[in-house]
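Read the structure below first, then the notes.
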Amino acid sequence: MKYAGVIVDISGGKLDRVFTYRIPASLAGQVHIGVQVEVPFGPGNRRVSAYVVELSDTCAYDDSQIKELFGIDQKGVAVESELIRLAAWMKEEYGSSMLQALKTVLPVRKSVAPVRKRQVRWALPEEERAAFLRSLTKRQAARLRLLTALTEEGALPYETVTQKLHVGASTLRTLQEKGVIRVEEENPYRNPIADNVGRDQAAILNAEQRYIADAVCADDQNGVHGTYLIHGVTGSGKTEVYMALIAHMLATGRQTIVLIPEIALTYQTVMRFYRRFGDQVSILNSRMSAGERYDQFVRAKKGEIRVMVGPRSALFTPFTHLGLIIVDEEHETSYKSETSPRYHAIGVARRRAALARASVVLGSATPSVESYYRCQTGEYRLFTLKHRAVREAALPTVEIVDLRKELEAGNKSILSRCLAERIDERLARGEQSILFLNRRGFSGFISCRSCGKAMKCPHCDVSLTLHRGGRLICHYCGYEEAAPQACPSCGSRYIAGFGIGTQKVEALVARQFPGARILRMDADTTAAKGGHEAILSAFADERADILIGTQMIVKGHDFPKVTLVGVLAADLSLHGSYYEASERTFQLLTQAAGRAGRGRLPGQVVIQTYSPEHYSIRLAADQDYEGFYEEELPYRQMLHYPPVYAMMTILFASRDETAAERAARTAEALVDRYIGRWKETAAVLDRAREPELIGPCDAPVSKISDIYRKTLYIKHVDRRVLVTIKNGLESLSPWKSERTEVAVQYDISG
Numbered sequence: 156m157k158y159a160g161v162i163v164d165i166s167g168g169k170l171d172r173v174f175t176y177r178i179p180a181s182l183a184g185q186v187h188i189g190v191q192v193e194v195p196f197g198p199g200n201r202r203v204s205a206y207v208v209e210l211s212d213t214c215a216y217d218d219s220q221i222k223e224l225f226g227i228d229q230k231g232v233a234v235e236s237e238l239i240r241l242a243a244w245m246k247e248e249y250g251s252s253m254l255q256a257l258k259t260v261l262p263v264r265k266s267v268a269p270v271r272k273r274q275v276r277w278a279l280p281e282e283e284r285a286a287f288l289r290s291l292t293k294r295q296a297a298r299l300r301l302l303t304a305l306t307e308e309g310a311l312p313y314e315t316v317t318q319k320l321h322v323g324a325s326t327l328r329t330l331q332e333k334g335v336i337r338v339e340e341e342n343p344y345r346n347p348i349a350d351n352v353g354r355d356q357a358a359i360l361n362a363e364q365r366y367i368a369d370a371v372c373a374d375d376q377n378g379v380h381g382t383y384l385i386h387g388v389t390g391s392g393k394t395e396v397y398m399a400l401i402a403h404m405l406a407t408g409r410q411t412i413v414l415i416p417e418i419a420l421t422y423q424t425v426m427r428f429y430r431r432f433g434d435q436v437s438i439l440n441s442r443m444s445a446g447e448r449y450d451q452f453v454r455a456k457k458g459e460i461r462v463m464v465g466p467r468s469a470l471f472t473p474f475t476h477l478g479l480i481i482v483d484e485e486h487e488t489s490y491k492s493e494t495s496p497r498y499h500a501i502g503v504a505r506r507r508a509a510l511a512r513a514s515v516v517l518g519s520a521t522p523s524v525e526s527y528y529r530c531q532t533g534e535y536r537l538f539t540l541k542h543r544a545v546r547e548a549a550l551p552t553v554e555i556v557d558l559r560k561e562l563e564a565g566n567k568s569i570l571s572r573c574l575a576e577r578i579d580e581r582l583a584r585g586e587q588s589i590l591f592l593n594r595r596g597f598s599g600f601i602s603c604r605s606c607g608k609a610m611k612c613p614h615c616d617v618s619l620t621l622h623r624g625g626r627l628i629c630h631y632c633g634y635e636e637a638a639p640q641a642c643p644s645c646g647s648r649y650i651a652g653f654g655i656g657t658q659k660v661e662a663l664v665a666r667q668f669p670g671a672r673i674l675r676m677d678a679d680t681t682a683a684k685g686g687h688e689a690i691l692s693a694f695a696d697e698r699a700d701i702l703i704g705t706q707m708i709v710k711g712h713d714f715p716k717v718t719l720v721g722v723l724a725a726d727l728s729l730h731g732s733y734y735e736a737s738e739r740t741f742q743l744l745t746q747a748a749g750r751a752g753r754g755r756l757p758g759q760v761v762i763q764t765y766s767p768e769h770y771s772i773r774l775a776a777d778q779d780y781e782g783f784y785e786e787e788l789p790y791r792q793m794l795h796y797p798p799v800y801a802m803m804t805i806l807f808a809s810r811d812e813t814a815a816e817r818a819a820r821t822a823e824a825l826v827d828r829y830i831g832r833w834k835e836t837a838a839v840l841d842r843a844r845e846p847e848l849i850g851p852c853d854a855p856v857s858k859i860s861d862i863y864r865k866t867l868y869i870k871h872v873d874r875r876v877l878v879t880i881k882n883g884l885e886s887l888s889p890w891k892s893e894r895t896e897v898a899v900q901y902d903i904s905g
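So for the sequence shown, my numbering puts the first residue at 156; every next one is plus one.
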């Protein structure tokens, strides 16, 4: 006997329960996950549509209580079916409950009505307004207040008129009927970025760009749908290639999803797409309400929009004729979900494209090591853009400043002498500068200001993280030691935690350059809605000389008057406690350098560091990605890190530290047993490929909001082996017997 678990009424938001039905013998082989069926539902057994989300040979209920499916719904909607199949794949691949996966991919309806934004304006011609005001009597004081204010302001929000000017709705209706005023209602779906935006014609692609666009379009016309990586230097015109591919999709009646990594990129990116494609483009962002996001998805499903731009959640736009998914800045870590299922947008994009017979295009000046590795193995097709799109624009010159020598020379400022001189030159010439604080991660590290050495784990090639109580801990093998009072390498007592904030940088720069106009862009200054756009547009309009900020200022932005980029502390990401520290440092430095000299003025970059000899800094200065990849891959191979090996992190979290520890030890024993069986059955030559188990140990952040966190790491060359281990642990779930609840989360990389 076969049983189907179904959900009903997706648009009503009833995703909180799966209902079980028996599959009749007449439908054997026809019912699969994602298919739309008709089922008897409720006391009257009314016929409703439902979606199959689970299949099983067993049932937890008495079979006599289980109703039977009526049949397959012949009017089934393909897009929901496709997304449910995608959710089932995500549950299997990344580890989560089916309901968690469904709530990730399906836009659950929220009872949130669009906010009505109305404005009141004069409707009378200007020459008639004064005469109308003079005609008003003292008994018409409300009208006088309103029309006097409109004369001064031009337009007023409806709420201001009714609440502050105390003008009633009946008065407004009377004035409207007489043609004195207009009440204009803003379309709740209108994108404000599109206001007063002209339309651009298709750009003339250069030879490199045209070759890529033609190759991808030719594959599409021949029914070939694969994954393509565009590796282009900063400013090489990847966006122009994207737009050529979108135009091809629109011409063939299909739709496109464009993923961008974060809201800071929205302003300039969406402006470019709007100028080219107009109202066919819509946008999602994290600051939309649940109702606003749902309504955008409804418009997409109806075909009112054909290009969706947004963060990773835009992947689940219910397009019915999806032809292309573009992932811009594909190396960005924000494409990885931090909640269950902990999916990566690229993996899900490839799966969704496969279901829809669509293609995936990835783009970056600094591709992730994993994506570039897949190009080398033939899984992706690689294209390169080796030159900047603006003919006169060249890559900037780069200077590396050794901060150890600055200290020896008596300079204790955060600005090296070289960088201070370069800023002075730009201010004198009326050019702009960006100062980038390479701050990333959640915890500081210990380093020596004399020799530049960071305190590292003796068993792993990662920095030890400073914890409260003066303990240095490795978050990969659990090694601990006390923080030293002097540098173990050179004996210097100039050893301390490394860290500085953007506010402090702003104050110091303002003091050193009192005439400079300075903007700061970080989490504080962009907290308000529209904060990113306000700062970026002010800098683009040359209302500031210096822009100071964290990594959000160096990703994808194009400011032609910026001729200097200063990286204040390259080491802040270089010594992070994660195996991708060198990769992220190279990416950030290369992206930062790419903001300089994008127009006709030559650019210059100053990188300040205590580790000028490190390959990630050296090769970022040369903009040499291939060189970096050749240096980085052997390290990953030797230590069995992704992309050569896959790695699964299992996180155990509980308010009871003992319960979290016990659950992690139980999982360790089960995995050990699995490895033992592997050793018994594996051939001698395969034993080098057995799963590797590390831990359990404290998570990188061992306690958050009184929740204790323990981790277990498992590595294997074959990702499917890790998925099998995950499935085994999920089916057993021995920690569920704990009196104190233990939450378990799986994260598979590589």
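Glycine included, each C-beta is placed from N, C-alpha and C at the ideal position. All values reported here derive from a predicted model rather than from experimental measurement.
Would you tell me roughly how many angstroms separate the C-alpha atoms of residue i and residue j, rounded to the nearest one?
i: His-769; j: Ala-775; result: 10 Å
i: His-486; j: Glu-738; result: 10 Å
i: Ser-860; j: Glu-847; result: 31 Å
i: Tyr-634; j: Tyr-176; result: 52 Å
i: Phe-597; j: Leu-619; result: Any reading at Phe-597 must be qualified, since the residue scores a pLDDT of 34, below 50, and its modelled position is unreliable; no value is offered.
i: Ala-256; j: Leu-479; result: 23 Å
i: Glu-223; j: Ser-204; result: 13 Å
i: Lys-608; j: Arg-559; result: 11 Å
i: Gly-704; j: Leu-727; result: 14 Å
i: Met-707; j: Thr-740; result: 14 Å
i: Glu-247; j: Ala-898; result: 18 Å
i: Arg-506; j: His-687; result: 32 Å
i: Glu-772; j: Phe-783; result: The amino acid occupying residue 772 in the given sequence is Ile; Glu does not appear at that position. Straight-line Cα distance between these residues: approximately 9 Å.
i: Glu-459; j: Gln-435; result: 7 Å
i: Ala-370; j: Ala-508; result: 18 Å
i: Lys-611; j: Arg-820; result: 27 Å
i: Ser-519; j: Glu-781; result: 13 Å
According to DSSP, simplified to helix, strand and coil, what is residue i?
i: Val-425; result: helix
i: Phe-714; result: coil
i: Gly-831; result: helix
i: Glu-768; result: coil
i: Arg-177; result: strand
i: Lys-246; result: helix
i: Lys-157; result: coil
i: Leu-756; result: coil
i: Leu-744; result: helix
i: Gly-465; result: strand
i: Lys-881; result: helix
Roughly how far, in whole angstroms, is the beta-carbon of residue i from the beta-carbon of residue j, given that I think they are within contact range, below 8 Å?
i: Tyr-863; j: Ser-809; result: 6 Å
i: His-871; j: Tyr-765; result: No, His-871 and Tyr-765 are not in contact; Cβ-Cβ is about 36 Å, not under 8 Å.
i: Pro-798; j: Val-524; result: 6 Å
i: Val-722; j: Ala-747; result: 6 Å
i: Lys-541; j: Glu-363; result: 7 Å
i: Val-413; j: Val-464; result: 5 Å
i: Phe-174; j: Pro-195; result: That pair is no contact at about 10 Å.
i: Val-260; j: Phe-471; result: 5 Å
What residue does the beta strand (DSSP E) around residue i start on, and which one ends it?
i: Thr-718; result: 717-722
i: Cys-612; result: Neither: Cys-612 is in no beta strand (DSSP E) and is coded neither H nor E.
i: Asp-212; result: Careful: Asp-212 lies outside any beta strand (DSSP E) and carries neither H nor E.
i: Asp-853; result: 847-859
i: Gly-387; result: 382-387
If you follow the alpha helix (DSSP H) that residue i is in, where does it begin and where does it stop?
i: Glu-787; result: 780-794
i: Gln-274; result: Run containing Gln-274: none in the alpha helix (DSSP H); it sits in the beta strand (DSSP E), 273-277.
i: Asp-450; result: 445-457
i: Val-371; result: 362-376
i: Gln-667; result: 657-667
i: Phe-694; result: 686-695
i: His-403; result: 393-406
i: Met-707; result: It is not in any alpha helix (DSSP H) - Met-707 carries neither H nor E in the DSSP assignment.
i: Ala-256; result: 253-260
Could you pull out every unbroken alpha helix (DSSP H) segment of at least 4 residues lying fully inside the segment 482-570, listed in chain order? As far as the segment 482-570 is concerned, its whole alpha helix (DSSP H) runs of at least 4 residues are 500-511, 524-531 and 558-563.
Secondary structure, beta strand (DSSP E): runs of 3+ residues fully inside the segment 275-334: Within the segment 275-334, the beta strand (DSSP E) runs of at least 3 residues that lie entirely inside it are, in chain order, 310-312.
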